[in-house]
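Below is one structure, written out as structure tokens, with a few remarks after it.
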Amino acid sequence: MGCCHSIHGDEVAIVETFGKYAYSQGPGLMILPCPCVQVNAGTISTRIRQLSVPVETKTKDNVFVDARLEIQYVADQSKVYEAFYRLASPEQQLNSYVFDVVRSAVPKHTLDDLYLHAAKDAIADEVRKNLTNTMREFGYIIVKTLVTDITPAQKVRVAMNDIETSKRNRQAATEKADADKMMIVKRAEADAVSKYHQGAGIARQRKAIIDGMQNSVGTFTEAIEGMRSRDVLELVLITQYFDTLKEIGSSAGSKTIFVNSSAGSVQGIASEIRNAFLQSTAAKK
Numbered sequence: 060m061g062c063c064h065s066i067h068g069d070e071v072a073i074v075e076t077f078g079k080y081a082y083s084q085g086p087g088l089m090i091l092p093c094p095c096v097q098v099n100a101g102t103i104s105t106r107i108r109q110l111s112v113p114v115e116t117k118t119k120d121n122v123f124v125d126a127r128l129e130i131q132y133v134a135d136q137s138k139v140y141e142a143f144y145r146l147a148s149p150e151q152q153l154n155s156y157v158f159d160v161v162r163s164a165v166p167k168h169t170l171d172d173l174y175l176h177a178a179k180d181a182i183a184d185e186v187r188k189n190l191t192n193t194m195r196e197f198g199y200i201i202v203k204t205l206v207t208d209i210t211p212a213q214k215v216r217v218a219m220n221d222i223e224t225s226k227r228n229r230q231a232a233t234e235k236a237d238a239d240k241m242m243i244v245k246r247a248e249a250d251a252v253s254k255y256h257q258g259a260g261i262a263r264q265r266k267a268i269i270d271g272m273q274n275s276v277g278t279f280t281e282a283i284e285g286m287r288s289r290d291v292l293e294l295v296l297i298t299q300y301f302d303t304l305k306e307i308g309s310s311a312g313s314k315t316i317f318v319n320s321s322a323g324s325v326q327g328i329a330s331e332i333r334n335a336f337l338q339s340t341a342a343k344k
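Under the working numbering, the first residue of the sequence shown carries the number 60, and numbering increases by one thereafter.
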């Protein structure tokens, strides 16, 4: 009730005369000439204040979420009368308007859209425009609005994690299947190349054997009088028969099954091969 008052740099004082608004006083020394007539009714802060507003609402795809908005506001120094006298609690008023705007804005978006900056910015901009038009008449300026958090219910978060896990598992399975397919293709290609070279080697081996047999038959028939080509061929087959037995016996862990082990059967085998060639030649004629 003294006549001298000190007004802080972030405040505006309200002076009343007989209970009626007289004028506002900025920072510095304020002298009331007649303290009994004029009084300092109070002050209004000119600092930017921030209000955190949690809102529970529902998205376009019927998912309940908890949204949190941060509202930055400040008293309009050109409307200190409205700011001081018209609102007892600007925070409660802001809460009410934010609830109303958010609950009408969020249902326009799906849950996935809300995690995008575009949707958050659209909601924040809509809240700011509505609050600006509403709070201006009460002497407050809306500086900025931010959507800082979107949190779905716990069950929804678990379901979203399960969906993402399933998606990752499907992707991993696809990648593994592609890798296995590639390995099978490469093995098949390698096996084809191996069999090609193996076949070429067998063909050369058989050609060498035939050439060797021809040389052997020619050498025997020339060196031994009365030796027929047939006799020489049977001798060569018998020699190969014993070479085969020797090779099978000397190979550790061999899994080869060798039948008709009697040496006398070689002539029979040779006769069968000879008859097959003769029948084939006769059929072609």
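Glycine residues also receive a C-beta, built at the ideal position from the N, C-alpha and C atoms.
### Query
Taking the C-alpha atoms as reference points, what is the distance between Phe336 and Ile269?
Unreliable positioning characterises Phe336 in this predicted model, as indicated by a pLDDT of 48, which lies under 50. The coordinate reading is nonetheless provided below. Cα to Cα, Phe336 sits roughly 15 Å from Ile269.
### Task
Please confirm if the region 195-212 is in contact with the region 127-134, defined as three or more CB-CB distances below 8 Å between the two stretches.
yes
### Task
Under the assumption that Thr118 contacts Thr169 (Cβ atoms under 8 Å), give the Cβ distance between them as a whole number of angstroms.
6 Å
### Straight-line gap, Val217 to Thr207 (C-alpha atoms, nearest Å)
The straight-line gap from Cα to Cα measures roughly 21 Å.
### Query
Which residue or residues does DSSP assign as beta-bridge partners of His64?
Met89
### Query
Roughly how many angstroms lie between the CA atoms of Phe143 and Lys79, to the nearest whole one?
Per the coordinates, the alpha-carbon of Phe143 lies some 13 Å from the alpha-carbon of Lys79.
### Message
Here's the rule I'm using: 16 or more other beta-carbon atoms within 10 Å means buried, otherwise exposed. How should Val160 be labelled?
### Response
Result: buried.
### Task
Run the CB neighbour count on Arg187, radius 10 Å, all protein chains shown included, and call it buried at 16 or more, exposed below.
For Arg187, the number of other beta carbons within 10 angstroms of its own is at least 16, and it is reported as buried.
### Query
Applying the criterion that 16 or more other CB atoms from any shown protein chain within 10 Å of the CB defines a buried residue, is Asn228 buried or exposed?
exposed
### Task
Per DSSP, which residues does Pro113 bridge with? Please list them.
Arg127
### Query
If we call anything under 8 Å between Cβ atoms a contact, is Val157 one with Val124?
no
#### Entry: Spatial distance of Asn121 from Arg145 (CA atoms)
Cα to Cα, Asn121 sits roughly 38 Å from Arg145.
### Query
Between the beta-carbon of Ala178 and the beta-carbon of Asp172, is there less than 8 Å?
yes
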